[in-house]
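Enquirer: Pasting in a structure now, in structure tokens, and then I'll have a few things to ask.
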Ligand SMILES: CC(C)(COP(=O)(O)OP(=O)(O)OC[C@H]1O[C@@H](n2cnc3c(N)ncnc32)[C@H](O)[C@@H]1OP(=O)(O)O)[C@@H](O)C(=O)NCCC(=O)NCCS
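Numbering (my numbering), first residue to last: 3 to 150.
Here you go:
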């Protein structure tokens with residue numbers, strides 16, 4: 003699929019919240035959470051846009067000093083299994099390799115597609131946070147990718 007990776011701006015907020023509701027129906031990020039990420043100079047939202055301008059995927063990175071956190075990644079259901087998450091994550095790990103010492107993330111223990119994606123990009127499980135998620139309650143697997 004032909005996609006373009008671009009940084010998000012204020013004008014993408016409605017599309018981002020719509021994508022979020024489709025991808026995380028039980029606990030979607032609200033528009034204000036995305037707005038806070040846009041306003042945070044230490045965060046970046048990367049979008050995957052289709053040829054028609056439609057939003058196909060997004061990934062959110064935030065940093066504290068030299069450590070990065072992958073706070074979100076999602077691809078629209080109709081666009082999955084076509085390498086869009088691969089492209090988004092490759093861009094973020096490329097940035098990380100140049101500017102950060104590590105990337106961290108949390109993922110639902112049952113989210114096999116996401117865990118496979120992260121392992122493919124070199125992340126390793128380093129811990130478990132008991133009952134970290136609500137709706138439904140579930141453990142988080144903590145994963146990291148070191149650039150050192
Ligand atoms: C996880 C998600 C982002 C993957 O997006 P995608 O664009 O379909 O992924 P890609 O096509 O780029 O696949 C990249 C790799 O991810 C893994 N993967 C993706 N979907 C998978 C699936 N259904 N089953 C197993 N592995 C999968 C594979 O390792 C794949 O590499 P491969 O094609 O060489 O096998 C997508 O399924 C999604 O948006 N899920 C809902 C939101 C979510 O759970 N986000 C993660 C929150 S922590």
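Note that the Cβ used here is the ideal one computed from N, Cα and C, for glycine as well.
No experiment lies behind these values; they were computed from the predicted model shown.
Quick one: what does DSSP say residue 118 is sitting in, helix, strand or coil?
Expert: It is helical.
Enquirer: Find the nearest neighbour of residue 45 within the set 83, 9, 125 and 137, judged by alpha-carbon distance.
Expert: 9
Enquirer: Please find out if some non-hydrogen atom of ligand 1 comes closer than 7 angstroms to the beta-carbon of residue 83.
Expert: For ligand 1, at least one heavy atom lies less than 7 angstroms from the Cβ of residue 83.
Enquirer: Please report how far the alpha carbon of residue 28 lies from the alpha carbon of residue 87, in whole angstroms.
Expert: 21 angstroms
Enquirer: Distance, Cα to Cα, residue 17 vs residue 48?
Expert: Straight-line spacing of the CA atoms in residue 17 and residue 48 works out to 13 angstroms.
Enquirer: Between which two residues does the alpha helix (DSSP H) carrying residue 146 extend?
Expert: Run containing residue 146: none in the alpha helix (DSSP H); it sits in the beta strand (DSSP E), 140-148.
Enquirer: Which residue from 32, 31, 146 and 43 puts its Cα closest to that of residue 124?
Expert: When each option's Cα is compared against that of residue 124, the closest is 146.
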